[in-house]
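Shown next, in structure tokens, is the structure this report addresses.
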Ligand code: 6CS
Ligand code: FE
């Protein structure tokens, strides 16, 4: 396979290639658009430096409770258990992730259009945005497995054809995140470097990668360098906290060795100016529940009656 001229971040080649500095800004808005929103200049500068931001107690507990009720209902729902967007833990029937959740649930759809969240997204991406992917992650007590170190952008670029680094993930915790239940770990500053990963991508790689990722994982030397430089942060906090992280920030999480489940909502905004092309790994596109190609028009803020606090 030849490298395409529109491929700014070549990856998944047979031989190792060197990592390099990202070619895209981290905060895409400038001037008035940059200062016009809920994120302060201090917050924006921190996001530029670290590649993530944390807001404890972003969502009201009553709303968190309703999302948790929804999760319990999904776990009992046979249709959902069997649906293609539901990924179970390796070798088990326990749910690991449910993808496409904003199309399944009105409550979730409204949350993706929360006026405050959308205003933050516009500040970060410097444009309108749409949902590239959404999901709930479950990490059941004792049995929840972890996620290896990776950059989401590396996968979205190779397997979904996302051209540039102009996407951002919003993760809202539905349970307390503590050191024992496998919280998200991030490497501050890692978003500034693109680490190409080695190995051709087999067709339908997602069927195994969503249970355990083997490709799109940086090698130990690159990881070592990034972590020596930036360290590791594992934000902990009560349910309802918001973690915003840039699409190229290296992250991972451990298995849940505690009896306390760890669940979170996760949605990815992509700029309307960064629409998906053909996957750069040369394969056919992944299913829509992983990389949405259909509903890519600008999200509009939910009206006041639909908002976060009245829910
Ligand atoms: O393949 C994906 O798109 C997903 N996989 C991981 C491990 N993280 C991000 C994304 O949801
Ligand atoms: Fe990820």
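Residue numbers (my numbering): 458 to 768.
Every residue gets a Cβ at the ideal spot worked out from N, C-alpha and C, and that includes glycine.
Worksheet item: Is there contact between the region 630-638 and the region 734-747, where contact requires at least three CB pairs shorter than 8 Å?
Response: Counting C-beta pairs closer than 8 Å gives fewer than three between the region 630-638 and the region 734-747, which falls short of the contact rule.
Worksheet item: Any chance the CB of residue 590 is under 7 Å from a heavy atom of ligand 1?
Response: For ligand 1, at least one heavy atom lies less than 7 Å from the Cβ of residue 590.
Worksheet item: Is DSSP giving residue 577 helix, strand or coil here?
Response: DSSP places residue 577 in helix when its eight states are reduced to three.
Worksheet item: For residue 698, is the beta carbon positioned less than 7 Å from some heavy atom of ligand 1?
Response: Checking every heavy atom of ligand 1 against the Cβ of residue 698, none is found closer than 7 Å.
Discussion item. With H, G and I counted as helix, E and B as strand and the rest as coil, what does DSSP make of residue 570?
Written reply: Here DSSP, grouped into helix, strand and coil, assigns residue 570 to coil.
Discussion item. Given this structure, state the Cα-to-Cα distance separating residue 613 from residue 557, to the nearest angstrom.
Written reply: In this structure, the straight-line span from the alpha carbon of residue 613 to that of residue 557 is close to 16 Å.
Discussion item. Quick check on the DSSP output: the alpha helix (DSSP H) that includes residue 452 runs from which residue to which?
Written reply: Past the edges of the chain, shown from 458 to 768, lies residue 452, and the structure says nothing about it.
Discussion item. In this structure, how does DSSP classify residue 436 when only helix, strand and coil are distinguished?
Written reply: This structure does not reach residue 436, given that the chain is present from 458 up to 768, and the question cannot be answered.
Worksheet entry | Unbroken beta strand (DSSP E) run spanning residue 590, endpoints | Start and end: 586-596.
Practice prompt. Mind listing which residues have their beta carbon within less than 7 Å of any non-hydrogen atom of ligand 2? Chain order is fine.
Written response: This selection yields 604, 607, 609, 708.
Worksheet entry | Backbone secondary structure at residue 502 - three-state DSSP | Reduced to three states, the DSSP call for residue 502 is helix.
Worksheet item: If you run the structure through DSSP and keep just helix, strand and coil, what is residue 536?
Response: Look at residue 536 here: in three-state DSSP terms it is helix.
Fill in: In DSSP terms, what residue 477 is bridged to
Bridge partners of residue 477: 651.
Discussion item. Quick check on the DSSP output: the beta strand (DSSP E) that includes residue 510 runs from which residue to which?
Written reply: Here the beta strand (DSSP E) through residue 510 covers 509-512.
Worksheet item: Can you find at least 3 beta carbon pairs, one from the region 543-553 and one from the region 594-610, that sit closer than 8 Å?
Response: At 8 Å Cβ cutoff, the stretches touch.
Worksheet item: Taking the Cβ atom as the reference point for each residue, do residue 576 and residue 726 lie within a distance shorter than 8 Å?
Response: It is not a contact, given that the beta carbons lie outside the stated cut-off.
Worksheet item: By DSSP, does residue 666 sit in helix, in strand, or in coil?
Response: Judged by DSSP in its simplified three-state form, residue 666 adopts helix.
Worksheet item: Where residue 767 and residue 696 are concerned, what is the direct C-alpha to C-alpha distance, given to the nearest angstrom?
Response: For residue 767, the predicted model reports a pLDDT of 39, less than 50, meaning its position is unreliable; a value from the coordinates is still stated below. If I take the Cα positions, the gap works out to 18 Å.
Practice prompt. For residue 512, I'd like the list of residues in its chain whose CB is within less than 6 Å of its CB, leaving aside the five on either flank, ordered along the chain.
Written response: Answer for residue 512: 699, listed in chain order.
Worksheet item: Taking the continuous beta strand (DSSP E) assigned at residue 496, which residues delimit it?
Response: Run containing residue 496: none; DSSP gives neither H nor E here.
Worksheet item: Which residue or residues does DSSP assign as beta-bridge partners of residue 719?
Response: According to DSSP, residue 719 bridges with 596.
Worksheet item: Is any heavy atom in ligand 1 found nearer than 7 Å to the beta carbon of residue 613?
Response: For residue 613, the shortest separation between its Cβ and any heavy atom of ligand 1 lies below 7 Å.
Worksheet item: Is residue 666 near ligand 4, going by C-beta to nearest heavy atom under 7 Å?
Response: Looking for ligand 4 in the displayed structure turns up nothing; the ligands present are ligand 1 and ligand 2.
Worksheet item: Mind checking whether residue 500 and residue 647 have CB atoms under 8 Å apart?
Response: Their beta carbons are not under 8 Å apart, which means residue 500 does not touch residue 647 by this criterion.
Worksheet item: Taking the C-alpha atoms as reference points, what is the distance between residue 640 and residue 714?
Response: Rounded to whole angstroms, residue 640 to residue 714 spans 11 Å at the Cα level.
Item to complete: Determine the contact status of residue 618 and residue 737, defining contact as a CB-CB distance below 8 Å.
Response: Yes, Cβ-Cβ distance for residue 618 and residue 737 is below 8 Å.
Discussion item. Helix, strand or coil, according to DSSP, for residue 622 in the structure here?
Written reply: Looking at residue 622 - three-state DSSP - the assignment turns out to be coil, as it is neither helix nor strand.
Worksheet entry | Near ligand 1: residue 466 beta-carbon under 7 Å from a heavy atom | Checking every heavy atom of ligand 1 against the Cβ of residue 466, none is found closer than 7 Å.
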